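Asks:
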Amino acid sequence: MLNIDRRLFSRLAIALAATTALSMPALAADKLKVALLVPGLANDGSFNQVAREAMEKLAEEGKVEFELREQQADPATSEPVIRQYASRGYDLIIGHGIELSEPILTVASSFPDIHFAASGGMDLADRLIANVDGWTYDFAQLGYLNGFIASKLNDVSVIGMVGGPELPFLVASHEGFKAALKEAGSDAELIEVYTGSFDDAQKSAEVTRGMIAQGAKVIWTSGDGIGNGVAAAASQGDAYTLGVSGDAGGLAKSVNIASVDLDMYPTYTAYIDDINAGSFGDKFFISGIGNGGLVATPINDVGDIVPDDLGKEVSDLVSALASGEKTLPQF
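Counting with mature numbering (1 follows the signal peptide of the UniProt record, and there is no 0), you get residues -28 to -1, 1 to 303 for the letters of the sequence shown.
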């Protein structure tokens, strides 16, 4: 009987060891492998950086392990990179930027068991397939909120608008900005320039200096890394900015009144939750004020140009937009 007990104990020990060994990969599998591709540099203080920071937060929470690939704006070079990650069995491959939408959709069709996420305009929603989620943000809402702030500033007769490429979604932001000024009855003159680049800070600085020379006291920028150039020129020209994300090399504190920033964490969290729940795919996410994907920064009191009650007015507008009490004007 003793020998039988010993054999039984040995078998139990072996079974327990096997069970433990099997359970360890299962636990590890809960941490999804994610590839994040961004078109520019992930320390740009803007569009690329917010994607990296959201994924870093998920990694800190133990939900993902991720690999970041920067400067993937050229589809000819990004598509092979995406295909490589898919071949390696990554759980989720994110193309953060409109430049990556076509490569994501192309590769996704060849890897139906891999999850992909693409970015683009509203038209992307009609092009998704079963293993691809899409994302965009409420461009008009972003522009409108910045325009509302601009309309409330003191003693501003000329406003500059500096954009990147003249793409439909950026045009929508600019139209939202103008709509807010019109709704407020502003008679400020607008000077609008699209630089053609998301990250050419030298070009945006040159454009901003030209606007300041024409009397612009406030310059709004709608485009990513070019905000650094706008902030630099404004700091040299006794002007102020809206829309500069990050610290712009330490300049934002002295010149940037406010911005409406992206937060990718809610969207990326939804991707991860849906993958774990088996419900990922063919969904379209729109980041806006109401779901925390767009966040208005606190008003920076840079001087007399900022009214005392501006912070409260912006807070009230944000609440009204989030609740649906306020809708954007037609434009």
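Beta carbons: idealized from backbone N, C-alpha and C, even for Gly.
Treat the numbers as computed from the prediction; the structure is a model and nothing was measured.
Does DSSP put MET236 in a helix, in a strand, or in coil?
Replies: If DSSP states are grouped into helix, strand and coil, MET236 belongs with coil.
Asks: Using alpha carbons as the reference points, say which of SER194, VAL190, ASP196, GLY197 lies closest to SER207.
Replies: That would be VAL190, whose Cα lies nearest to the Cα of SER207.
Asks: Which two residues bound the contiguous beta strand (DSSP E) that contains SER91?
Replies: Residues 87 to 91.
Asks: Nearest-angstrom Cα distance between ALA211 and SER226?
Replies: Roughly 10 Å between the two C-alpha positions.
Asks: Per DSSP, what kind of secondary structure is LEU266 in: helix, strand or coil?
Replies: If DSSP states are grouped into helix, strand and coil, LEU266 belongs with the strands.
Asks: Mind checking which residues open and close the alpha helix (DSSP H) that includes residue 305?
Replies: Residue numbering for the chain in the displayed model covers -28 to 303; residue 305 lies beyond these limits and cannot be assessed.
Asks: Can you tell me whether residue 306 is buried or exposed, with buried defined as 16 or more other CB within 10 angstroms of its CB?
Replies: Because the chain is modelled from -28 through 303, residue 306 falls outside the range shown and cannot be assessed.
Asks: Looking at the structure shown, is TYR243 part of a helix, part of a strand, or coil, going by DSSP?
Replies: In the structure shown, TYR243 sits in a helix (DSSP, three-state: H, G or I).
Asks: Below 9 Å between beta carbons: does that hold for GLY69 and GLY197?
Replies: Not in contact: GLY69 and GLY197 (Cβ atoms no closer than 9 Å).
Asks: Let me know if ARG24 comes out buried or exposed under the rule of 16 or more other beta-carbons within 10 Å of its beta-carbon.
Replies: ARG24 should be labelled buried.
Asks: Buried or exposed: residue 313, going by 16 or more other Cβ atoms within 10 Å of its Cβ?
Replies: The question about residue 313 has no answer, for the chain in this structure spans -28 to 303.
Asks: Taking the beta carbon of ALA220 as the centre, do at least 16 other beta carbons fall within 10 Å, making it buried, or is it exposed?
Replies: Classification of ALA220: buried, given that the 10 Å Cβ count is 16 or more.
Asks: Compare the beta carbon distance of ILE86 and LEU72 with 9 Å and say whether it is the shorter of the two.
Replies: No. Outside cutoff.
Asks: Just the C-alpha distance for LYS29 and VAL22, rounded to the nearest angstrom, thanks.
Replies: For LYS29 and VAL22, the distance between alpha carbons rounds to 11 Å.
Asks: With DSSP as the reference, identify every bridge partner of ALA152, one or two as the case may be.
Replies: Paired residues: none, contrary to the question.
Asks: Which residues does DSSP pair with TYR212 in a beta bridge?
Replies: DSSP output for TYR212 lists VAL190 as bridge partner(s).
Asks: Should VAL128 and ILE271 be called a contact, given that it needs their Cβ atoms to be closer than 9 Å?
Replies: In this structure, ILE271 does not lie closer than 9 Å to VAL128 by Cβ.
Asks: On the DSSP bridge list, what partners appear for ILE54?
Replies: Answer is none; ILE54 lacks a bridge partner.
Asks: So, does the stretch 254 to 268 touch the stretch 84 to 101, judging by three or more C-beta pairs under 8 Å?
Replies: At 8 Å Cβ cutoff, the stretches touch.
Asks: Where does THR299 sit, in a helix, a strand or coil, going by DSSP?
Replies: DSSP places THR299 in coil when its eight states are reduced to three.
Asks: Going by CA-CA distance only, name the one from GLY106, LEU96, ASP95 that's closest to PHE88.
Replies: Nearest C-alpha to PHE88: GLY106.
Asks: Tell me where the alpha helix (DSSP H) around TYR109 begins and ends.
Replies: Segment 104 to 109 is the beta strand (DSSP E) holding TYR109; no alpha helix (DSSP H) there.
Asks: Of all Cβ atoms in chain D, is any one closer than 9 Å to the Cβ of THR213?
Replies: Protein chains in the displayed structure number just one, and chain D is not present.
Asks: Closest to GLY182 by C-alpha separation, out of ILE131, PRO75, GLU51, ALA151, would be which residue?
Replies: Per the Cα distances, ILE131.
Asks: Using 10 angstroms around the beta-carbon of ASN118, count the other beta-carbons present and answer buried if the total reaches 16, otherwise exposed.
Replies: The residue in question, ASN118, is buried, as its Cβ has 16 or more Cβ neighbours within 10 Å.
Asks: With 16 as the cutoff for other CB atoms within 10 Å, does GLY275 come out buried or exposed?
Replies: Classification for GLY275: exposed.
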